[in-house]
Amino acid sequence: MSGQATPPAPELAEMAISDGPSLKHPFSDRAPVRSIVCRPDGGAGLAGQRVRAGGWVKTGREQGKGSFAFLEVNDGSCPANLQVIVDAGVADLSTLVQTGTCVLVEGLLKAPPEGTKQKIELRVDKVLHVGPTDPASYPIPKTKLSLEFLRDHIHLRARTNTISAVARIRNALAFATHSFFQEHGFLYVHTPIITTSDCEGAGEMFQATTLISEAEKLEKELILNPPPTEADLEAAKLTVGEKGNIVSQLKAAKATKEEISASVADLKIAKENLSRVEERAKLKPGIPKKDGKIDYGQDFFSRQAFLTVSGQLQVETYACAVSSVYTFGPTFRAEHSHTSRHLAEFWMVEPEIAFADLQDDMNCAEAYVKYMCQWLLNKCFDDMELMAKLYDKGCIDRLRMVSSTPFERISYTEAVQLLEEAVRGGKEFEKNVEWGIDLASEHERYLTEDIFKKPVIVYNYPKGIKAFYMRLNDDSKTVAAMDILVPKVGELIGGSQREERYEVIQQRIAEMGLPIEPYEWYLDLRRYGTVKHCGFGLGFERMILFATGIDNIRDVIPFPRYPGRADL
């Protein structure tokens, strides 16, 4: 055997004879831009490799009197672009260089000339796909665009640097959320979007009903097929009477079984027709009413139903059975607000922990916020650098501070005292400070940004400003509630120890003026095997505002819904 070359392994032999791309996404016919330019060496170590890459042209320009073109291509996998060079002999350059054009190209990765910022570039020898763009009508040109302008082009705004970076940050925070709770033994529970209970007791809920559509459908149907008149109804009754008389006469005359059966069958048909006529005679256009009120008994769920404002009450049923749970999903509020902090549809993260009190709740919430901040620093640093460059120079330092600093913990009473001291010292707030108020955003931000300069947990709030399910403290004036306040946004998390005592929560529901019937199932959790438990809710979009430094909540959710707007 000496002197003979050892044949390569089959897979190596295949690579040796293949002239196809050496880098490839497992489920797509291309190499993600991230896999090329986000390596520690910026991609320099890939020089000489053949790749296929695709994306959308950010900028393009023809050079060398039209002999070749530079393209900056991005596929959304990272904020960095891949520089692509295409010769005029390979493709029509005038189409390729337009911002927004989609391209799929193949070629060799090469080291660029000395002194350029790129570590690698792609010299193209094949253009496999071109999705052209008309520059005269394309609404997302390469010039800087305001976030307000982009809200009018929701379907295209993800192609911009900011919105694609926010999408990756949002994705990372969602992943971090699941990772945190899964690592700590929580069960992920899907709570309903359609509900019959109002968790907040605020009444600002979207109603889920088919009464309106059914009324419209009935109106059209009654126009095409008018309801029976009184004469029609009398005629149907007369027919039943006549058919009944015939049956009676046949029985009296001792007619044959066949004759009587046939007559009975005719009577049955006449009765069924009368029943249909009577039912149609009851049909009235408009929404059905009973005793002067809308008759929800005729609605889809046979009762009033709404889009949920929180999955908390429902997820508590699982906490009181499997101990540690969380839900993460969309919630809705029909609050007619146009502020930069409000959405009609937003996402909430809501864990619940059995055999746990307010201290445990605060510990879990603090650990979760720190975990998310560290996750972004570890996994999304390039996107955070973009946020720091474009929107908030301090956003990375803020993440570092929050992830490494113990949160301050003060009672609501102490918080009010600190704010009152600030007012005596000359600080002016739009809303007066006094014990019993619901702290406004200006108060929350002053505590966290000016007084403590770090996250603050305020606990033991007045019962009058908190929900019925929060545990009443021994002073009978406050409840075991807590809010986490952070710089930039104020309240990030709201939570509490839940009221597990049956008589107390029953009394609290009555005090709040809420009907008992919709909450009977919730009271059952206290009637049967009650347990100390707690939980909190984090507004997911608020966490993204806090992380990125972006000012308007409408820019950190893919498809914002707010009064007057529900695009797509």
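Heads up, the sequence shown is in UniProt numbering, so the first residue is 1 and it goes up one at a time.
By construction, the Cβ of each residue, glycine as well, lies at the ideal position given by its N, Cα and C atoms.
### Query
If we call anything under 9 Å between Cβ atoms a contact, is Gly495 one with Met482?
yes
### Query
Which ranges does the beta strand (DSSP E) cover as unbroken runs of at least 3 residues, wholly within the stretch 453-514, from first to last along the chain?
456-462, 478-486, 490-497
### Query
What's the C-alpha gap between residue 586 and Ile465?
Outside the shown range of the chain (1 to 568) lies residue 586, about which nothing can therefore be said.
### Task
Please report the Cβ distance between Leu307 and Met205, rounded to the nearest whole angstrom; I am assuming they are in contact, meaning their Cβ atoms lie under 8 Å.
7 Å
### Distance CB(Ala480)-CB(Asp382) smaller than 9 Å
no
### Task
Please list, in chain order, all residues of the same chain as Lys237 whose beta carbon is under 8 Å from its beta carbon, the five residues on each side excluded.
Leu274
#### Entry: Spatially closest choice to Thr339 from Ser67, Ser179, Pro563, Gln63, by CA coordinates
Pro563
### 9 Å Cβ cutoff met for Arg170 and Ile140
no
### Query
Anyone know if the C-beta pair for Val37 and Ala80 falls short of 9 Å?
yes
#### Entry: Identity of the residues DSSP links to Asn74 by a beta bridge
Trp56
### Message
Run through the DSSP bridge pairs and tell me what Asp87 is partnered with.
### Response
Phe68
### Query
Taking the DSSP output, what are the residues bridged to Val33?
Val33 is not bridged to any residue.
### Task
Identify whether Glu335 lies in helix, strand or coil by the three-state DSSP scheme.
coil
### Query
CB Thr530 to CB Lys454, shorter than 9 Å?
no
### Task
Determine the direct distance from the alpha carbon of Ser310 to that of Thr327, and round the result to whole angstroms.
10 Å
### Task
Given a cut-off of 9 Å, decide if Gly89 and Val51 are closer than it, judged by their beta-carbon atoms.
no
### Query
Are Thr143 and Thr101 touching if we call contact CB-CB under 9 Å?
no
### Task
Return the first residue and the last residue of the alpha helix (DSSP H) that Trp521 is part of.
520-527
#### Entry: C-alpha gap between Leu187 and His342, whole angstroms
29 Å
### Message
Please return the same chain residues whose Cβ sits closer than 7 Å to the Cβ of Gly66, not counting the five positions on each side in sequence.
### Response
Ala88, Leu93
#### Entry: Start and end residues, beta strand (DSSP E) containing Gly244
First-last for Gly244: 230-252, but that is the alpha helix (DSSP H), not the beta strand (DSSP E).
### Query
Going along the chain, which residues of its own chain have a beta-carbon closer than 6 Å to the beta-carbon of Gln207, five neighbours each way excluded?
Phe306
### Task
Spatial neighbours of Ala47 within its chain, please: CB distance less than 7 Å, with the 5 preceding and 5 following residues excluded, ordered by chain position.
Leu109, Lys110, Ala111, Ile120
### Pair within 9 Å by beta-carbon distance, Gln298 and Pro285
no
### Query
Would you call the CB atoms of Cys373 and Arg409 closer than 9 Å?
no
### Message
Need the endpoints of the beta strand (DSSP E) that Asp125 sits in, please.
### Response
121-131
### Message
Quick check on the DSSP output: what are the complete alpha helix (DSSP H) runs of length 4 or more inside the stretch 363-421, in order along the chain?
### Response
381-390, 395-404
#### Entry: CA-to-CA distance, Ser324 to Ile353, given in whole angstroms
5 Å
### Message
I believe Gly55 touches Val33 by the beta-carbon criterion, under 8 Å. Please report the beta-carbon distance rounded to the nearest angstrom.
### Response
6 Å
#### Entry: Bridge partner(s) assigned by DSSP for Lys217
DSSP output for Lys217 lists no bridge partner at all.
### Message
Can you tell me whether Met543 is helix, strand or coil according to DSSP?
### Response
helix
### Sub-9 Å separation of Ala365 and Ile457 beta-carbons
yes
### Query
Can you check whether the CB of Leu313 is closer than 9 Å to the CB of Tyr522?
yes
### Query
From Cys380 to Leu150, what distance separates their C-alpha atoms?
23 Å
### Task
Per DSSP, which residues does Phe536 bridge with? Please list them.
Gly495
### Message
Under DSSP, the beta strand (DSSP E) around Phe346 begins and ends at which residues?
### Response
345-354
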